[in-house]
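Worksheet for the structure shown next.
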Amino acid sequence: MESLVRFAREELGNPGLATLLDQPSFAFIQVLNSVSQGMNLFIIASGLSLIFGVLRVINFAHGAFYMFGAYILYSVAESYELGFWTGVVAAAAGLAAMSIVIERGLFRFIYDKEHLMQLLLTFAVVLILTDLAKMIWGTDQYSVSYPDGFGGAVDLGLTRYPTYRLLLIVVGPVILVGLMLFTARTRWGRLTRAATQDREMLGALGVNVPMIYTGVFILGSALAGIGGALAAPFNSPTPGMDATIIVDCFVIVIVGGLGSIVGSFIGALIYGFVFNFGSVIVPNWQDVFPFLILLVVLLWRPWGLFGRPEGEGA
Amino acid sequence: MAQLELRDVHTAYGQSQVLFGVSFSVEPGECVALIGRNGVGKTTTIRSIAGLVAPRRGAIEWLGENITGRPSHRVAKLGIGYVPEERRIFPELTVWENLDIARRETPGGWDEERVFELFPDLRPIQTRLGGVLSGGQQQMLTIARSLMGNPRLLLLDEPSEGLAPRVVESLREQVRSLKDEGLSIVLAEQNLSFVLSLSDRCHIMEKGEIRHSGSTGELRDHPEILEQYLTV
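Chains as they are written, first to last, in our numbering: chain A, 280 to 593; chain B, 25 to 256.
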């Protein structure tokens with residue numbers, strides 16, 4: 280091991296890699312960072328994937344939904360001092376309400392249209408929402424404090440680690456399991472799966488499919504809102520935060536397979552690990568790595584790790 | 025008053041018109057057959073009734089109410105069950121899930137238990153995925169699925185197509201028992217013995233129109249009528 284560390288430091292001239300190999304606690308922190316970042320991204324990306332899986336619309340505005348989630352949390356928790364968790368609930372509810380208007384008023388009319396039309400419309404929604412956000416919250420950067428009891432760090436033996444980030448590591452899998460139980464075990468979940476397989480037949484069986492679409496859109500958008508609210512303490516709400524997150528989410532859902540919740544989960548973890556370890560080993564290049572994975576996955580499995588080729592099955 | 029009445033129904037897909045003024049009616053408990061070669065408009069007639077394609081002209085009335093152009097889920101809720109030709113089982117749902125999504129409970133109506141009494145073959149394969157079923161199993165499931173919605177009229181599109189003769193036999197008995205329970209049926213079918221043994225009245229279609237209407241007894245006695253329209 281020592282020779283490896285020396286090799287990394289002296290031959291490769293890579294102090295980051297040397298520290299990773301030399302200090303288990305540093306490597307451990309990177310693992311935790313990867314997972315917690317991955318879980319936050321998963322919460323957001325799962326909503327995007329869910330919406331695509333059922334509605335077959337790639338919602339560019341999902342990042343703006345995330346930004347609204349963060350801003351709503353700021354207003355409720357900091358401006359009105361109603362508490363952090365109230366803010367999270369308000370963010371979910373706010374996005375749910377917004378998404379009803381957007382789905383009923385706009386998206387409903389483009390389900391049968393080609394993807395380009397859909398992208399243009401969702402992009403228009405991005406422009407409207409980002410301007411709306413500037414009108415409401417201005418262009419300042421806001422700081423949001425951690426919720427009570429989650430501001431400190433926990434001793435994990437090898438190292439101490441921020442409690443709030445550990446919370447994210449727990450919340451991610453909880454949402455994964457919740458979504459999986461919802462789709463597998465509930466009647467709404469069954470109807471949702473049926474809608475992705477044969478929308479017309481489901482309607483002919485007496486099911487109001489447009490209602491299911493609205494329901495799925497609300498759920499997916501609320502996830503973006505929750506993701507934004509939970510990110511607010513470490514990603515200060517600010518204009519432009521929507522643009523970065525939507526790119527990350529696209530990478531994740533494409534790597535995982537569009538429409539697959541488990542795929543988003545794995546994709547988000549891969550993203551987290553590649554980003555965090557990449558930034559230690561090759562500093563300043565971390566932004567490139569996620570796209571490299573994307574490239575590799577697209578060449579090797581264009582439909583993603585957990586997706587399926589177009590035209591096969593659903 | 026007829027239970028279902030079509031008056032001068034014209035239906036088109038885009039530029040290509042398929043139905044040119046189809047009119048017929050179904051009385052409660054009656055089985056009305058639409059026969060004719062491929063492409064004469066039987067399926068389009070059924071899809072027009074089910075609300076899957078809106079007629080350009082004409083009217084479809086259900087229990088005296090005009091349902092022309094209503095969305096299919098509302099037509100289904102009024103008691104019209106659609107059983108498509110391609111069966112369209114949800115491939116990634118289990119047999120039970122395929123039934124469950126169509127459930128619309130009515131007191132004394134259809135549920136899994138009654139469905140499995142009618143189609144005993146479905147009971148042991150409840151947890152199997154729809155996509156791996158045999159043609160016969162799929163046909164039973166697609167009818168069973170419609171029954172879960174407690175329809176008063178069943179639209180059966182080519183139910184015997186592609187099935188082995190023995191399977192067609194049992195299907196015939198199952199459809200007959202549904203009819204005996206008072207369910208009305210519109211049956212589009214090319215298998216003449218199947219049609220003649222189940223229906224009360226027949227309409228022979230050609231090029232999007234009904235060319236001949238009569239009782240099933242009349243057709244049985246005068247096979248030359250069938251020959252005139254159905255031989256190539």
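Glycine residues also receive a C-beta, built at the ideal position from the N, C-alpha and C atoms.
Legend entry - CA nearest to the CA of ARG387 of chain A, picked from A:ILE322, A:VAL575, A:VAL336: To locate residue 387 of chain A, count along the first sequence from 1; it is residue 108. Closest option to ARG387 of chain A, Cα to Cα, is A:VAL336.
Inset, instruction - Could you tell me the boundaries of the beta strand (DSSP E) in which HIS246 of chain B lies? - result: Locating residue 246 of chain B in the second sequence gives position 222, counting from the first residue. In this chain, HIS246 of chain B is not harboured by any beta strand (DSSP E), its DSSP state being neither H nor E.
Legend entry - Simplified DSSP assignment, three categories, for PRO441 of chain A: In the first sequence, the residue the question calls residue 441 of chain A occupies position 162. Looking at PRO441 of chain A - three-state DSSP - the assignment turns out to be strand.
Inset, instruction - Please list, in chain order, all residues of the same chain as ILE104 of chain B whose beta carbon is under 7 angstroms from its beta carbon, the five residues on each side excluded. - result: As a working note, residue 104 of chain B is residue 80 in the second sequence. ILE73, ALA74, TRP86, PRO175, LEU177, LEU179.
Inset, instruction - For chain B, find out if any of its Cβ atoms is closer than 9 angstroms to the Cβ of GLY482 of chain A; answer yes or no. - result: Numbered from 1 along the first sequence, position 203 holds the residue referred to as residue 482 of chain A. Closer than 9 angstroms: yes.
Inset, instruction - Just mark VAL219 of chain B as buried or exposed, buried being the case when its beta carbon has 16 or more other beta carbons within 10 Å. - result: Indexing the second sequence from 1 puts residue 219 of chain B at position 195. Around the beta carbon of VAL219 of chain B, 16 or more other beta carbons lie within 10 angstroms, which makes this residue buried.
Inset, instruction - Determine the burial state of VAL486 of chain A: buried for a count of at least 16 other Cβ atoms within 10 Å of its Cβ, exposed for fewer. - result: As a first step, residue 486 of chain A is located in the first sequence; it is residue number 207 there, counting from the start. With 16 or more other Cβ atoms within 10 Å, it is buried.
Legend entry - Alpha-carbon to alpha-carbon, PHE552 of chain A and SER315 of chain A: Residue 315 of chain A sits at position 36 when you count from the first residue of the first sequence. Residue 552 of chain A sits at position 273 when you count from the first residue of the first sequence. Taking the straight line from one Cα to the other gives about 10 angstroms.
Inset, instruction - Compute the Euclidean distance between the alpha carbons of GLU591 of chain A and GLN39 of chain B, then round it to the nearest angstrom. - result: Counting from 1 along the first sequence, the entry for residue 591 of chain A is found at position 312. Counting from 1 along the second sequence, the entry for residue 39 of chain B is found at position 15. Its pLDDT being 49, under 50, GLU591 of chain A is placed unreliably in this model, and the value from its coordinates should be taken loosely. Note on geometry: alpha-carbon atoms of GLU591 of chain A and GLN39 of chain B lie some 30 angstroms from one another.
Legend entry - Close Cβ partners of ALA593 of chain A (< 6 angstroms) along its chain, the five nearest in sequence each way excluded: For the purposes of this step, residue 593 of chain A is taken as residue 314 along the first sequence, with counting starting at 1. Note that ALA593 of chain A scores 39 on pLDDT, short of 50, meaning its location in the model is unreliable; the coordinates nonetheless yield the value given after this. Only residues of its own chain outside the window of five on either side were considered, and among them THR475, GLN476 have a CB closer than 6 angstroms to the CB of ALA593 of chain A, listed in chain order.
Inset, instruction - My understanding is that PHE48 of chain B touches SER208 of chain B, with C-beta atoms under 8 angstroms, so please give their C-beta distance in whole angstroms. - result: Here residue 48 of chain B corresponds to residue number 24 of the second sequence, with the count starting at 1. Here residue 208 of chain B corresponds to residue number 184 of the second sequence, with the count starting at 1. Between PHE48 of chain B and SER208 of chain B the beta-carbon gap is near 12 angstroms, outside 8 angstroms, which marks them as no contact.
Inset, instruction - Please confirm if ARG472 of chain A has its CB atom under 9 angstroms from at least one CB of chain B. - result: Counting from one through the first sequence, the residue named residue 472 of chain A turns up at place 193. Closer than 9 angstroms to some Cβ of chain B, the Cβ of ARG472 of chain A qualifies, so yes.
Legend entry - CB contact check: ASP245 of chain B to chain A, cutoff 9 angstroms: Sequence index remark: in the second sequence, residue 245 of chain B carries index 221 (1-based). So, not an interface residue.
Inset, instruction - For VAL99 of chain B, decide whether its Cβ has a neighbour in chain A, counting only Cβ atoms nearer than 9 angstroms. - result: Taking the first residue of the second sequence as position 1, residue 99 of chain B is located at position 75. VAL99 of chain B counts as touching chain A.
Inset, instruction - Give the residues of chain B in contact with GLN476 of chain A, contact being defined as C-beta atoms less than 8 angstroms apart. - result: Here residue 476 of chain A refers to the residue found at position 197 when the first sequence is read from its first residue. Under the 8 angstroms cutoff, chain B gives PHE114, PRO115, GLU116, LEU117.
Legend entry - Other residues of its chain near ASN90 of chain B: CB distance less than 7 angstroms, five sequence neighbours each side excluded: Here residue 90 of chain B is taken as the residue at index 66 of the second sequence, counted from 1. Result list for ASN90 of chain B: ALA83, in chain order.
Inset, instruction - Have a look at LEU211 of chain B and VAL199 of chain B and give me their C-alpha separation to the nearest angstrom. - result: The residue given as residue 211 of chain B occupies position 187 in the second sequence. The residue given as residue 199 of chain B occupies position 175 in the second sequence. CA-CA distance, LEU211 of chain B to VAL199 of chain B, rounds to 10 angstroms.
Legend entry - the region 124-139 of chain B: positions lying closer than 7 angstroms to chain A by Cβ: The region 124-139 of chain B vs chain A, Cβ under 7 angstroms: ASP124, ILE125, ALA126, ARG128.
Inset, instruction - Quick one: using the 10 Å Cβ neighbour count with 16 as the cut-off for buried, is ALA403 of chain A buried or exposed? - result: The sequence position of residue 403 of chain A within the first sequence is 124, counting from 1. Of the residues assessed, ALA403 of chain A falls on the exposed side of the cut-off, its CB having fewer than 16 other CB atoms within 10 angstroms.
Inset, instruction - Verify the CB distance criterion: does ASN487 of chain A have a CB-CB separation below 9 angstroms to chain B? - result: Counting from 1 along the first sequence, the entry for residue 487 of chain A is found at position 208. Closer than 9 angstroms: yes.
Inset, instruction - Indicate whether the contact test is met: 3 or more Cβ pairs, each with one atom in the region 110-117 of chain B and one in the region 126-138 of chain B, closer than 8 angstroms. - result: Not touching, per the Cβ criterion.
Legend entry - Cβ pair count under 8 angstroms reaching 3, the region 489-497 of chain A against the region 377-384 of chain A: Under the three-pair Cβ rule at 8 angstroms, the region 489-497 of chain A counts as touching the region 377-384 of chain A.
Inset, instruction - Return the CA-CA distance between ARG587 of chain A and ALA324 of chain A, expressed in angstroms with no decimal places. - result: Counting from one through the first sequence, the residue named residue 587 of chain A turns up at place 308. Counting from one through the first sequence, the residue named residue 324 of chain A turns up at place 45. The straight-line gap from Cα to Cα measures roughly 18 angstroms.
Inset, instruction - Could you check the C-alpha separation between VAL33 of chain B and TYR550 of chain A for me, to the nearest Å? - result: What you label residue 33 of chain B is simply residue 9 of the second sequence in a count that begins at 1. What you label residue 550 of chain A is simply residue 271 of the first sequence in a count that begins at 1. VAL33 of chain B and TYR550 of chain A have their C-alpha atoms roughly 57 angstroms apart.
Inset, instruction - Kindly give me the distance between the Cβ atoms of LEU171 of chain B and TRP134 of chain B, rounded to whole angstroms, as I take these residues to be in contact under 8 angstroms. - result: As a working note, residue 171 of chain B is residue 147 in the second sequence. As a working note, residue 134 of chain B is residue 110 in the second sequence. At roughly 4 angstroms, the Cβ-Cβ gap stays under 8 angstroms, so LEU171 of chain B and TRP134 of chain B are in contact.
Legend entry - Pairwise C-alpha distance: GLN27 of chain B and ILE454 of chain A: Counting from one through the first sequence, the residue named residue 454 of chain A turns up at place 175. Counting from one through the second sequence, the residue named residue 27 of chain B turns up at place 3. Each residue's Cα considered, the two are about 50 angstroms apart.
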